[in-house]
Amino acid sequence: MSETAAARRPKVFGLVRRLPEHLTIWLPLLLAAGHIVSFSLWTLWVSFTPSTLLPEFGWVGLHNYTAVLATRNWRIAFDNLLLFGSAFVVLSLLTGLGLAILLDQRIRGENVLRSIFLYPMAVSFVVTGTVWSWLLNPGVGVQKFVNDFGWMSFRFDWLINRDMAIWTIVMAAVWQSAGFGMALFLAGLRSVDTDLIKAAQIDGAGPFRLYRRVILPTLWPITVTVVVIQLQFAITTFDLVRALTGGGPGIATLLPALVVYDFMFQRGLLGRGAAAAVLMLLTLLAVLLPYAAWRHVQARQAARA
Amino acid sequence: MRDTTFTPGRILIYLAVWSLAAAWLVPLAVVMLNSVRTAEEIVQTSMIGWPEHWAWDNYRTAWADFCVAQTCAGIRPYMLNSALVSIPATIISTVFGAVAGYAVSLWRFPGDRWIYGVVTLGLFLPQQMRLLPWTIVLRDVGLINTLTGLVLIHSIQGLSFTTLFCRNYYIAIPRELIGAARIDGAGFFRIFRRIVLPLSPPILIVTVIWQFTHIWNEFLYGVTFTTGQQQPVTAALIALSAAVADVPQHGVQSAAVMIAALPTLLVYLLGGRYFVRGLTAGAVK
Amino acid sequence: MTNLRRRTVLAGTAGLLAVPHQSRAQAVKPRLTVISQWTSGSDGAAITALGKKFEEKGGIWQHSPVPGFTTEMMNKLRAQIMAGDPPACSQLKGPEIAAWSKIAATTDLDAIVAAAGYEKVVAPDLARLHKPGGHWISLPLQIYSTNMLFLSKRAMDKAKADQIPVTWADFNALAAKMKAAGVTYPIANGGTRPDDGQKFEASLAGISPTAYRAAIMNLDETALKGPEVKAAFVQVRKIADWMDPNTAAQHFSTNLKRFVAGDMGMMIQGGWAQGVLLNAGYKLDDFIIAPGPTDNGKPVFLLNADAFIFWQRKEADLQAGQALMAQLVMDPAIQTMYSQITGSIPVRTDVDLSGPGWSDGQRRTAAALKEAVASNQAVLSLAHNMAQQNGVTAAMIDVITEYVKDKTITPDEAASRLNEAVEGSH
C-alpha cells in the first residue's frame, strides 16, 4: 500500500516475466475449479425455476425443494445414502486393511493375489452390477448353487428383501473397491520403519500387539485418503445400483444420484432434479465443512507449537 | 526373503487369503463361462452354469460381426473410438494435474488453498448433474458430436482426481530440496523438471491407470455427445443388452465384455506393481 | 436460455435464405437423420429393414441408434435440440410427443397424411396422441397390446384345463387349479418396473375400461379413489402371490424355461413376448396367446405404439427425406414388413393378417384391437408411457412397483398413495 512507483515497476515486470508460469499454474486450476463452481451455481439456479425438459427462466421459489422432499423416493434415497455411505466406507476400509495385512505376511504369489484383488477396479460398474445381480438372485445365483448341493434350507435372498437389498449394493461395492484400500494400506505397511518393528519385537510384542500398537497408528494419513476416495465413490454410485437392483425391490435401494438423474431426465422435471442435486451437495458440505474446519484448527495448532 | 516354513498359523493365512481370492474371482469366472455359452442355452438353463456346447464363436461375433442397428462390425470400431478419447484425455489430465498438484503442494500463491479445496470438491459432483451444463458448453464451443468434445470433458473433469493424487504425493517432497534449488536460482519450471518430475513416475502411473479406466468405462457422456459410428465401446456393450422385447444376448455380450475389458485389465496388470508403489510414497506423509 | 433463442432465430434466417435454393434444387436426394434406441434384436433388425427401403427409394439413411434406456435416447435428443441441430426424425411416443413438441419446432405432416387418407385407418385415441395441437407432427409405426395372456401348454395339461380364461374370475380359478395340480408358480411374469406396471394396468382395464380411462388417462380424482382401482390392486396382489418371489427385478425372459416346461403357468405380457419365446428356441405350440382377462367379456386393448416425431429442418434434402419417410411409415406394405419382424401388429386397421407371414397371436391381437375400438375399449398403456407424461407415469409406477414387492401395503393404502403420487407429480 505504501509502495512507491519505483518499487512497483520491477514487480510488474516480474509478473510479465513469470507469465508462462502463472498461466501454467492457473489455467488448469481455473478450468477445473471454474467448471465446478459454474456448474454448481447453474444447478442452483435451475432448482428455483419451473424447468421441465429444457432449462427455462422463471421463478418458483422453493417449490421444487418442497416437492422433492415430499416424495418417498427422496426420503428412501437419503436414508439409504446414510446407511450405504457409512457401511460401505467402513467395510471397504476394513476389508482393504485386512487384505493388506494378509498380503503383508511375506506370502508366495503376492503379485498374483494383488492383481486378483485389484482387477474389479478395472471393470465398469454396469458389468459388475449385472453379474452381481445374477449371483445374488436367489433363483439363479449363490442360493440355488448351495441348494443344489443338498443344503435345501440355505437362504441368501437379500436381493429380494426390501430391508436387506441395500446390503447387496454394499457387498458389490466393497468387492469392487476394497482393492484400492488394500493397495494403499499395503504400501503404507511396507514403508513402516523396520527399526521400529524390530524394537517392538525385542520388547517381546506379539504380532497382534505389534500391529495394534506400532504399525496401525502409522497408517492414519493413508486412512484419510482412502476415506475421501471411498466417500466420493459412495456419493456418486449410480451405474452399480442401476444394474444390480434397478433401485428395487420397489424403490427400496434408491440413492440420491439416481433420484437426481431420474427427476432430471427420465421424468423430464429438470427443476426438481436440480433441487435434489442441490440437497445432495448440501448434505455433502455438512459432512465436509466440519472436517475442513477441524483440519484448519489442527494446522494452526501445529504451526503454533 | 519368503518364509518357507509352514506353521499352522501360516497355513491358516494361506487358506484365508486364497479363499478370499477365489471369492473375488467368482464374477469374472461367471462372465468368462457365459462368454462361451449360447444365448439360447443361457435362457433355457441359467445365467450361471458350465457351457454345454463351447460357443467360441461368441468371440468372433463380439469382435467383428454383431450389429448395432445397420452397422455389423462388432465392437472393433468402438474400441478404437474409446482409445481415441481415453488416451489423449488421460495424457492431458495427467500432465495438467501434475503441474497443478505441484503448484498447490510446493508453491504458495494467493488463493491456493481455496482453489485446491474447490477442485477437490469436484470429486463429489455426480456425472449426471454435469450432463446438461456440459451440453451447453459443448454447444457453445461447437464440439457436440465430436470425440474432441469428449476429450475436453474428461480432461477437465479428470483434473480433480489427478490434482488430488499428485498434490498428496508431492507434498511429501522435502521443502529443503525446493528451497535449496530456489537459492541456486531455479524457477518454477526448472524445479519441476529437475527435481519433481524425476520423482514422479510412480504417481503418474497411478493417475494414468485411474484416468484411463474411468474414461474407458464411461457411458453417459459417450452416448449423449457422440453419434452413430463415433460411439465408445461402452455404448456398443449396452446396445447388446436387450430391450424389453428381446432375448438378452448374454453369450455374445459376455464375450464383448471380456474383449472390451482387456485394455483396462492389462493396464492394471502391467501397472499394478507401480500402482502400489506410487500410492505409497504419496499417502505416507 | 437466451443463447438457444438466438440460435433459433439465426436458424430461421438461414432457412429464409435457403428458400430460393430449395425450389431450384427440386431433384435433391432425400436424406434423413434418425435417432432411436433400437440397436439390437428384432427392433434393430426392423428399423434397419426400414432404412433399406428408404435407400431403395433413393434416399440417404443416417440412423444414430442410442443404446440404453429411453432416458439416454432422450438425453441425446435434448442435446441435439439445444445445439440447434435436431434430427429430421426421432423415436418418441405417447404424451411425450406433445411435451417435446413445445420445446422445438416440428414439421406439419397434415398434407401428406390427408393425401394418404391415413386418419380413417388409425384408432382415434392413437391418432390424438400424434397430432397435439390438431396437426399431425408424428406418425405411429407399430402397435403392441401390453395385456396379452400367454398360457403354457404344459401347465394347462398339468391342470387338465382346456378353457382359455376370459374374465378375471376365470383367470384366478385357473391359477388356483394350476397351483393345486403342481404348477409351482402359476404366474411367470418378470419384475421390472414396466412389468409391474403391466400387472396393474391389465387388472384395472380388465375390471373396467371406463374406470381405467377416467383414473389413469384422465387422472380423475373420484375414479382414482374409486372401488375399481382398489379392486385392481387386490387382483395385482393375487398375481404377485402366484409369482416366484425370487424374480426380483428381473426380465421375464429369465422365467421362460420354467414357463414352457409347465413349472410356471401364465404370463401377462405384450405381444413382443411371442418373439422372445421364438428367439429363445421355443415353438409356437409350446404356448397359447389370448387377449387379457376382461370382466365384461369383450376384449380390452391396452395400446402401446412406437412412433416417430418429425423435427423442423430447413435443408431441402432433409425435408424431402421427411416426406419420403412419412409415406413409408404409412405404407401398408412397410407396416407389414415391420410388424412381421418385431411381432407387433400394424397401425393401420385395414391390413389383412391372414397371410402366412403372420402368427395366430398377431391375428388375435389385431382382431382384439378392432373389437376393442368398436366397443370403445381400446385404452392407452400406463406402463409403457402412453397414458401420461413421464413425470406422472414414473410417480405412479413407483407406487405400483412398491406394492407388488411389499406385501405389507394394503390395497387401500396403495390406492391412496397412487392418488397422492398423482397430486405430487404436478
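Read top to bottom, the protein sequences are chains A, B and C.
Position 233 of the first sequence, counted from 1, bears residue number 233 in our numbering, the numbering being contiguous throughout.
Quick note: to get our numbering, add 1000 to the position in the second sequence (first position is 1).
Quick note: to get our numbering, add 2000 to the position in the third sequence (first position is 1).
All C-beta atoms, glycine included, are put in the ideal place defined by N, C-alpha and C.
As the structure is a prediction and not an experimental result, all values here were calculated from the model.
Inter-residue CB distance, residue i and residue j (contact presumed, cutoff 8 angstroms)
i	j	result
residue 65/A	residue 275/A	5 angstroms
residue 2174/C	residue 2161/C	6 angstroms
residue 2425/C	residue 2392/C	5 angstroms
residue 1159/B	residue 32/A	4 angstroms
residue 2167/C	residue 2293/C	6 angstroms
residue 1089/B	residue 1215/B	5 angstroms
residue 2264/C	residue 2184/C	7 angstroms
residue 2347/C	residue 2362/C	Actually they do not touch by this definition, with Cβ atoms about 13 angstroms apart.
residue 1235/B	residue 1222/B	5 angstroms
residue 2028/C	residue 2316/C	5 angstroms
residue 2141/C	residue 2259/C	With 8 angstroms as the limit, residue 2141/C and residue 2259/C do not qualify as a contact, their Cβ atoms being about 29 angstroms apart.
Whether residue i touches residue j by CB criterion (8 angstroms)
i	j	result
residue 2401/C	residue 251/A	yes
residue 139/A	residue 243/A	no
residue 183/A	residue 118/A	yes
residue 2200/C	residue 2236/C	yes
residue 269/A	residue 238/A	no
residue 218/A	residue 192/A	yes
residue 2389/C	residue 2106/C	no
residue 2233/C	residue 2414/C	yes
residue 2267/C	residue 2252/C	yes
residue 2385/C	residue 2093/C	yes
Partner residues on chain C for residue i, Cβ-Cβ distance less than 8 angstroms
i	result
residue 1135/B	2078, 2079, 2082, 2083
residue 73/A	2398
For residue i, the nearest candidate out of the options (CA to CA)
i	options	result
residue 2337/C	2028/C, 2045/C, 2037/C	2045/C
residue 1272/B	228/A, 97/A, 122/A	122/A
residue 2250/C	2031/C, 2189/C, 2362/C, 2108/C	2189/C
residue 17/A	1207/B, 1189/B, 1231/B	1189/B
residue 131/A	1125/B, 1063/B, 1024/B, 1018/B	1024/B
residue 163/A	2413/C, 2421/C, 2423/C, 2405/C	2405/C
residue 1182/B	1171/B, 1194/B, 1229/B	1194/B
residue 1087/B	1184/B, 1016/B, 1179/B, 1152/B	1152/B
residue 2226/C	2032/C, 2419/C, 2135/C	2419/C
residue 2344/C	2147/C, 2096/C, 2124/C	2147/C
residue 2279/C	1261/B, 1074/B, 1063/B, 1043/B	1043/B
residue 2187/C	2032/C, 2239/C, 2331/C	2239/C
residue 1063/B	1129/B, 1075/B, 1057/B, 1052/B	1075/B
residue 1130/B	266/A, 181/A, 260/A	260/A
residue 2295/C	2108/C, 2231/C, 2272/C	2231/C
residue 80/A	280/A, 294/A, 101/A	280/A
residue 1098/B	1124/B, 1170/B, 1177/B, 1240/B	1170/B
residue 153/A	160/A, 145/A, 159/A	145/A
heavy atom of the ligand COA below 7 angstroms from residue i C-beta
i	result
residue 1058/B	Questions concerning the ligand COA fall outside what the structure shown contains, since it holds no ligand whatsoever.
Contact list for residue i against chain A, beta-carbon separation under 8 angstroms
i	result
residue 2091/C	Simply none; closest approach about 16 angstroms.
residue 1119/B	29, 32, 33, 36
residue 1238/B	126
residue 2099/C	52, 53, 268
residue 2192/C	246
residue 1139/B	In chain order: nothing, as chain A lies at least about 12 angstroms away.
According to DSSP, residues forming a beta bridge with residue i
i	result
residue 2061/C	2032/C
residue 2106/C	2311/C
Closer than 9 angstroms at the beta carbon, the chain B residues around residue i
i	result
residue 93/A	Those within 9 angstroms of residue 93/A in chain B number zero; the least Cβ separation is about 14 angstroms.
Under 9 angstroms by beta carbon: chain A residues contacting residue i
i	result
residue 2406/C	162, 249, 250, 252
residue 1087/B	Those do not exist, as residue 1087/B stays about 16 angstroms from chain A at its closest Cβ, beyond 9 angstroms.
Contact list for residue i against chain A, beta-carbon separation under 7 angstroms
i	result
residue 2243/C	The contacting residues do not exist; residue 2243/C stays about 11 angstroms from chain A at best.
residue 2402/C	250, 251
residue 1160/B	32
7 angstroms Cβ cut-off: residues of chain C touching residue i
i	result
residue 1166/B	What residue 1166/B touches in chain C: nothing, since even the nearest Cβ is about 33 angstroms away.
residue 64/A	Neighbours of residue 64/A on chain C: none; closest Cβ ~12 angstroms, over 7 angstroms.
residue 1223/B	2066, 2067, 2068, 2072, 2076
Closer than 8 angstroms at the beta carbon, the chain B residues around residue i
i	result
residue 115/A	1268, 1269, 1272
residue 310/A	Nothing can be reported for residue 310/A, as the shown portion of chain A is limited to 1 through 305.
residue 283/A	What residue 283/A touches in chain B: nothing, since even the nearest Cβ is about 10 angstroms away.
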